[in-house]
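Structure first, then comments.
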Amino acid sequence: MINATGNPQSLLLLGGTSDIALAIARTYARRGGGLRVVLAARPGERRTGAAAELSALGCRVTEVDLDARDHASHAATIDAAFAEGDVDVAVVAFGLLGDAEQAWQDPELALELAEVNYAAPVHLGVLLANRLKDQAHGVIVALSSVAGERVRRSNFVYGSTKAGFDGFYLGLGEALRGTGARVLVVRPGFVRSKMTDGMDEAPLAATPQEVADATVAAVTAQRDLIWVPAPMRFVMSGLRHVPRPLFRKLPL
Amino acid sequence: MNAFVRNAFPAMPGGGSDLDLPHIRPSGIEEQPPLPQQLVEIHGWGRAAGAMSHLHGIESVADVVSALRQGGGRGVTPRGLGRSYGDAAQNSGGITLDLTRLDKILSVDAASEPPTVTLQAGVSIDTLMKALLPFGLWVPVLPGTRQVTIGGAIAADVHGKNHHTQGSFGNHVRSFDLLMPDGSVKTLDRPAGDTWDALDDDGRLFWGTIGGMGLTGAIVGAVVELQRVETAYFTVDTDRCSDIDDLMARMSTGDDSYNYSVAWFDAVTRGKHMGRAVLTRGDKAKLSQLDPKRRREPLRFAAPSFGTIPEVFPNRMVNVATAKAFSEFWFRKAPKHQVGALQNITAFFHPLDIVAEWNRLYGPNGFLQYQFVVPFSAHETFKRCFEMIVTSGHLSCLNVLKRFGPGNLSPLSFPMPGWTLTVDLPIEAGLDKLCDALDEEVVSVGGRVYLAKDSRLTAERFRQMYPRLDAFLAVRDRADPEHLFISDLARRLAL
Numbered sequence: 001m002i003n004a005t006g007n008p009q010s011l012l013l014l015g016g017t018s019d020i021a022l023a024i025a026r027t028y029a030r031r032g033g034g035l036r037v038v039l040a041a042r043p044g045e046r047r048t049g050a051a052a053e054l055s056a057l058g059c060r061v062t063e064v065d066l067d068a069r070d071h072a073s074h075a076a077t078i079d080a081a082f083a084e085g086d087v088d089v090a091v092v093a094f095g096l097l098g099d100a101e102q103a104w105q106d107p108e109l110a111l112e113l114a115e116v117n118y119a120a121p122v123h124l125g126v127l128l129a130n131r132l133k134d135q136a137h138g139v140i141v142a143l144s145s146v147a148g149e150r151v152r153r154s155n156f157v158y159g160s161t162k163a164g165f166d167g168f169y170l171g172l173g174e175a176l177r178g179t180g181a182r183v184l185v186v187r188p189g190f191v192r193s194k195m196t197d198g199m200d201e202a203p204l205a206a207t208p209q210e211v212a213d214a215t216v217a218a219v220t221a222q223r224d225l226i227w228v229p230a231p232m233r234f235v236m237s238g239l240r241h242v243p244r245p246l247f248r249k250l251p252l
Numbered sequence: 001m002n003a004f005v006r007n008a009f010p011a012m013p014g015g016g017s018d019l020d021l022p023h024i025r026p027s028g029i030e031e032q033p034p035l036p037q038q039l040v041e042i043h044g045w046g047r048a049a050g051a052m053s054h055l056h057g058i059e060s061v062a063d064v065v066s067a068l069r070q071g072g073g074r075g076v077t078p079r080g081l082g083r084s085y086g087d088a089a090q091n092s093g094g095i096t097l098d099l100t101r102l103d104k105i106l107s108v109d110a111a112s113e114p115p116t117v118t119l120q121a122g123v124s125i126d127t128l129m130k131a132l133l134p135f136g137l138w139v140p141v142l143p144g145t146r147q148v149t150i151g152g153a154i155a156a157d158v159h160g161k162n163h164h165t166q167g168s169f170g171n172h173v174r175s176f177d178l179l180m181p182d183g184s185v186k187t188l189d190r191p192a193g194d195t196w197d198a199l200d201d202d203g204r205l206f207w208g209t210i211g212g213m214g215l216t217g218a219i220v221g222a223v224v225e226l227q228r229v230e231t232a233y234f235t236v237d238t239d240r241c242s243d244i245d246d247l248m249a250r251m252s253t254g255d256d257s258y259n260y261s262v263a264w265f266d267a268v269t270r271g272k273h274m275g276r277a278v279l280t281r282g283d284k285a286k287l288s289q290l291d292p293k294r295r296r297e298p299l300r301f302a303a304p305s306f307g308t309i310p311e312v313f314p315n316r317m318v319n320v321a322t323a324k325a326f327s328e329f330w331f332r333k334a335p336k337h338q339v340g341a342l343q344n345i346t347a348f349f350h351p352l353d354i355v356a357e358w359n360r361l362y363g364p365n366g367f368l369q370y371q372f373v374v375p376f377s378a379h380e381t382f383k384r385c386f387e388m389i390v391t392s393g394h395l396s397c398l399n400v401l402k403r404f405g406p407g408n409l410s411p412l413s414f415p416m417p418g419w420t421l422t423v424d425l426p427i428e429a430g431l432d433k434l435c436d437a438l439d440e441e442v443v444s445v446g447g448r449v450y451l452a453k454d455s456r457l458t459a460e461r462f463r464q465m466y467p468r469l470d471a472f473l474a475v476r477d478r479a480d481p482e483h484l485f486i487s488d489l490a491r492r493l494a495l
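Note that the protein sequences, when read in sequence, are chains A and B.
Under full-length UniProt numbering, the residue at position 163 of the first sequence is numbered 163, and the numbers go up by one with no gaps.
Under full-length UniProt numbering, the residue at position 155 of the second sequence is numbered 155, and the numbers go up by one with no gaps.
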């Protein structure tokens, strides 16, 4: 249960090695004792390292295998994640950025982005929602992106997957109303993380910790959609309505 | 299946169970239609951490059995009037049984010594007091509100202003009827043994259910021992205390000469007058102590209600200005020193019952009540906790300080000899840090917090606070091996 002061007892990270997901876990771990964390990710050094770090912060960590592209394994992943009890906050954090120019010309890479960033989150999202509906409490935190809000030429394959992702989780949040389960869609702008390593930084860039702080605050406040940083909301609100011929000319 | 049904109504000496209502016949249970499934939001009195749960209004024991069968994967939770502040009487995704319609007082035995009442568990203390007072009978333990059910009073082992002389509610329960997970009703009598090791399985189930937060089964009926009174009034001595040291000194030396003792303290004022308080202590008034006017109706139950708080208040109604104003008013309205004043039940016991739904004053975010006890030897820790609260910036108006007497055999019962303190804190950022820090102090000296008011403790801390937890778990696992009886509190505390 998320207790009266807003602290969850259990956390599930789908994409358990994501910088943002781990920042969320650290933030909750620092807030209250006895947090149980399920790290769902591909097995390997990164997952082991993340588990060790969270254990050192006082968390009880379980590692669960997650392979986004192996749809047949998803149900078992979710079963394993709930094996030790209710999940209070589930973060859907896995995703691929890919090389934008390669992605729209390489069918295999395009398919991989579509599967990892959209098809798998939809499949896992339905499995998660069924669990949360049964337990009648819990929050799905869907890490979307402003890239999906207005898809740009510069990374439109990625952007289109995030557009679908964003739409699915917003809709899922509506569908879950009245069941006790909730969805929070988080739309970060440019985040300095291993995903964006080596890229030129965009304006209003945020750190994973800033995204985590905003997310934790929004879960407590029971919000269903946030932008990080908050002013990004107004930037995107403007950009969304820029006419296509003009939008094409913007240096985005 | 038939054996299962018949178990629900075991043959009682003298024929028929106390709970066998005229319109329910065991043979009728099979034809009970499924209870309506309604997913509704329910919450504790603090209104924080609510839950969506299937709420079943229960009108008979047969209904309870029917609900148990439909339990599904998320179990069932008995619920009374919902005055527990936290999540003890809610069950996210599962079934919550509203037992308040099991509200019959079945018989009163006024001739025996002590007198007793046999009743269904959904009867409220308010109802019971009103019924008993005309006969000069008195409920021996009254919590801070009369709006609790007998079942809830047993399950939370509630205490009152007379804990130091009379113990908690469980001490006065002669027997109760427990609906078990298999649908049978077990009558459990208070065992003779006075140590845990001396108890047999039923004796342990008796004491495990007292304070057991509804996790051993649903209490559906009880026999409670009563006391005799000549009047419905109290003789009350009031003292204003200038600070926390003054208060603790007066309570340490004087409490034993009164049956009832409690202090309200100011948790807002800092500095020299930190911990200024109003100490009220008293005893039941005898007929000879009443003035002629009151003597005409000595057992009149005075319980005025000045209406209901509407649900219009925003968060932060309790702020620096209102908290200071309230604290000043509450302190000043008390006489500096008064001896032998006559007060009625409401004035002495339940000033908050005058206003219904007062929890709405805290706005939609709600509040939590933090009540802890530490042994008398931890005098300094107690004062440190007190100072942490006052200087935290979190504001509390309704603050109570008391001295507990000896606890009882129940492994999860809250009271133990020592100082206990209660504060009402609105839910605001940083409150978790304050409460965690308080937990740490409390645990370090072998103290604990009260489960009936808890909505935030972690399983680890809880285990440290209740060293007899394993005894309780053994009782519960024997009574309910599949953990059909569960609650959000139980999930949170890994019970």
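From the three backbone atoms N, C-alpha and C, an ideal C-beta is built for every residue, glycine too.
#### Entry: Through-space distance from Asn-171/B to Ser-184/B, alpha-carbon basis
The residue given as residue 184/B occupies position 184 in the second sequence. The residue given as residue 171/B occupies position 171 in the second sequence. Distance between the alpha carbons of Ser-184/B and Asn-171/B is about 25 Å.
### Message
Please report the straight-line C-alpha distance between Phe-301/B and Asn-399/B, rounded to a whole angstrom.
### Response
The residue given as residue 301/B occupies position 301 in the second sequence. The residue given as residue 399/B occupies position 399 in the second sequence. Rounded to the nearest angstrom, the two C-alpha atoms are 26 Å apart.
### Message
Looking only at its chain, what residues have a beta carbon closer than 6 Å to the beta carbon of Ala-23/A, apart from the 5 residues adjacent to it on each side?
### Response
As a first step, residue 23/A is located in the first sequence; it is residue number 23 there, counting from the start. So the qualifying residues of the chain are Pro-208, Gln-209 and Ala-212.
### Query
Ordered along the chain, which non-local residues of its own chain (more than five positions away) have a Cβ less than 7 Å from that of Ala-51/A?
If you number the first sequence from 1, residue 51/A lands on position 51. These residues qualify, in order along the chain: Leu-39, Val-61 and Glu-63.
### Task
Counting only the same chain and skipping the five closest in sequence on each side, list residues whose C-beta sits under 6 Å from that of Arg-150/A.
Residue 150/A sits at position 150 when you count from the first residue of the first sequence. Result list for Arg-150/A: Leu-239 and Arg-240, in chain order.
### Query
Are the beta-carbon atoms belonging to Thr-127/B and Leu-226/B less than 8 Å from one another?
What you label residue 127/B is simply residue 127 of the second sequence in a count that begins at 1. What you label residue 226/B is simply residue 226 of the second sequence in a count that begins at 1. Going by C-beta atoms, Thr-127/B is not nearer than 8 Å to Leu-226/B.
### Query
Secondary structure at Val-122/A, three-state DSSP: helix, strand or coil?
Here the question's residue 122/A lines up with position 122 in the first sequence. Helix at Val-122/A.
### Message
For a cutoff of 8 Å on Cβ pairs, would you count Cys-435/B as touching chain A?
### Response
Here residue 435/B corresponds to residue number 435 of the second sequence, with the count starting at 1. So, interface residue.
### Message
Our contact map puts Pro-236/B next to Gln-369/B with C-beta atoms below 8 Å; I'd like the distance itself, whole angstroms only.
### Response
Position 236 of the second sequence, counted from the start, is the residue given in the question as residue 236/B. Position 369 of the second sequence, counted from the start, is the residue given in the question as residue 369/B. Checking the sequence, you will find Val at residue 236/B rather than Pro. Val-236/B to Gln-369/B, Cβ: 25 Å. No contact.
### Query
For Ala-90/A versus Leu-14/A, is the C-beta distance shorter than 8 Å?
As a first step, residue 90/A is located in the first sequence; it is residue number 90 there, counting from the start. As a first step, residue 14/A is located in the first sequence; it is residue number 14 there, counting from the start. Taking 8 Å as the Cβ cut-off, Ala-90/A and Leu-14/A qualify as a contacting pair.
### Task
Answer with yes or no whether the minimum CB distance from Thr-458/B to chain A is below 8 Å.
Position 458 of the second sequence, counted from the first residue, corresponds to residue 458/B. Yes, its Cβ sits closer than 8 Å to a Cβ of chain A.
### Query
Across which residues does DSSP place Lys-286/B in a beta bridge pair?
Translated into positions along the second sequence, residue 286/B becomes position 286. Bridge partners of Lys-286/B: none, in fact.
### Query
Apart from the five residues on each side of it in sequence, which residues of its chain come closer than 7 Å, Cβ to Cβ, to Ala-21/A?
Your numbering for residue 21/A matches position 21 in the first sequence. For Ala-21/A, where only same-chain residues beyond five positions count, the Cβ hits under 7 Å are Leu-13, Gly-15, Val-91 and Ala-93.
### Query
Taking the alpha carbon of Ile-210/B as the point to measure from, which residue in Trp-196/B, Arg-79/B, Leu-412/B and Leu-469/B has its own alpha carbon closest?
Translated into the one-based positions of the second sequence, residue 210/B becomes position 210. When each option's Cα is compared against that of Ile-210/B, the closest is Leu-412/B.
### Query
Count the other CB atoms within 10 Å of the CB of Thr-308/B; is the residue buried (16 or more) or exposed (fewer)?
Taking the first residue of the second sequence as position 1, residue 308/B is located at position 308. That one is exposed.
### Task
Using a Cβ cut-off of 8 Å, pull out every chain A residue sitting near Gly-214/B, in sequence order please.
For this step, residue 214/B is matched to residue 214 along the second sequence. Residues of chain A passing the Cβ test: none, with the nearest at roughly 16 Å.
### Message
Between the segment 248-265 of chain B and the segment 210-220 of chain B, can you find at least three pairs of beta-carbon atoms closer than 8 Å?
### Response
no
### Query
Rounded to a whole number of angstroms, what is the C-alpha to C-alpha distance between Asp-88/A and Leu-97/A?
Locating residue 88/A in the first sequence gives position 88, where the first residue counts as 1. Locating residue 97/A in the first sequence gives position 97, where the first residue counts as 1. Asp-88/A and Leu-97/A: Cα-Cα distance of roughly 28 Å.
### Task
From the DSSP output, in three-state form, read off Cys-59/A for me.
The residue you call residue 59/A lines up with position 59 of the first sequence. Coil at Cys-59/A, not helix or strand.
### Task
Report all residues from its chain with a CB closer than 8 Å to the CB of Ala-3/B; omit the five preceding and five following residues, and keep chain order.
Here residue 3/B corresponds to residue number 3 of the second sequence, with the count starting at 1. No answer about Ala-3/B holds up, because its pLDDT of 32 lies below 50 and its placement is not dependable.
### Message
Check whether chain B comes within 8 Å of Ile-78/A, counting only Cβ atoms and requiring the distance to be less than that.
### Response
Translated into the one-based positions of the first sequence, residue 78/A becomes position 78. Not closer than 8 Å to any Cβ of chain B, the Cβ of Ile-78/A fails to qualify, so no.
### Task
Helix, strand or coil for Asn-344/B, going by three-state DSSP, please let me know.
Counting from 1 along the second sequence, the entry for residue 344/B is found at position 344. It is a strand residue.
#### Entry: Euclidean distance between Cα positions of Asp-424/B and Tyr-85/B
Mapped onto the second sequence, residue 424/B falls at position 424. Mapped onto the second sequence, residue 85/B falls at position 85. For Asp-424/B and Tyr-85/B, the distance between alpha carbons rounds to 10 Å.
### Task
For His-71/A, count neighbouring C-beta atoms within 10 Å of its own C-beta (all shown protein chains included) and say buried if the count is 16 or more, exposed if not.
Here residue 71/A refers to the residue found at position 71 of the first sequence. That one is exposed.
### Query
Across which residues does DSSP place Ser-261/B in a beta bridge pair?
Counted from its first residue, the second sequence places residue 261/B at position 261. According to DSSP, which records beta bridges pairwise, Ser-261/B is partnered with Arg-281/B.
### Task
Determine the direct distance from the alpha carbon of Ala-41/A to that of Ala-76/A, and round the result to whole angstroms.
Here residue 76/A refers to the residue found at position 76 when the first sequence is read from its first residue. Here residue 41/A refers to the residue found at position 41 when the first sequence is read from its first residue. C-alpha separation (whole angstroms): 13 Å.
### Query
How many Å lie between Gln-9/A and Lys-286/B at the Cα?
Residue 9/A sits at position 9 when you count from the first residue of the first sequence. Residue 286/B sits at position 286 when you count from the first residue of the second sequence. C-alpha separation (whole angstroms): 53 Å.
#### Entry: Contact check, Arg-448/B vs Asp-432/B, beta carbons under 8 Å
For the purposes of this step, residue 448/B is taken as residue 448 along the second sequence, with counting starting at 1. For the purposes of this step, residue 432/B is taken as residue 432 along the second sequence, with counting starting at 1. No, they are not a contact pair.
### Query
Quick one: which chain B residues come within Cβ less than 9 Å of Ile-2/A?
As a working note, residue 2/A is residue 2 in the first sequence. Per Cβ cutoff of 9 Å: Ala-49.
### Query
Along the segment 70-99 of chain A, what residues have a CB closer than 9 Å to any CB found in chain B?
Gly-85 and Asp-86
### Query
To which residues of the same chain is Leu-55/B closer than 7 Å at the C-beta, ignoring the five residues directly before and after it?
Within the second sequence, numbered from 1, the residue matching residue 55/B stands at position 55. Gln-38, Val-40, Ile-42, Thr-96 and Asp-98.
### Inter-residue spacing [alpha-carbon to alpha-carbon] between Leu-179/B and Ala-62/B
As a position in the second sequence, residue 179/B is number 179, starting the count at 1. As a position in the second sequence, residue 62/B is number 62, starting the count at 1. Leu-179/B and Ala-62/B: Cα-Cα distance of roughly 10 Å.
### Query
Span of the beta strand (DSSP E) holding Ser-175/B?
Reading the second sequence from its first residue, position 175 is the one you call residue 175/B. 173-179 is the extent of the beta strand (DSSP E) around Ser-175/B.
### Message
Tell me the rounded alpha-carbon separation between Leu-11/A and Ala-25/A.
### Response
Here residue 11/A is taken as the residue at index 11 of the first sequence, counted from 1. Here residue 25/A is taken as the residue at index 25 of the first sequence, counted from 1. Approximately 7 Å, taken between the alpha carbons.
#### Entry: Residues near Glu-230/B by beta carbon distance below 6 Å, same chain, minus five either side
As a first step, residue 230/B must be located in the second sequence, where it is residue number 230. Excluding residues within five positions, the ones whose Cβ falls inside 6 Å are Lys-286 and Leu-287.
### Message
Under 8 Å, with one C-beta from each stretch per pair, do the segment 129-148 of chain B and the segment 66-79 of chain B reach the 3-pair mark?
### Response
no
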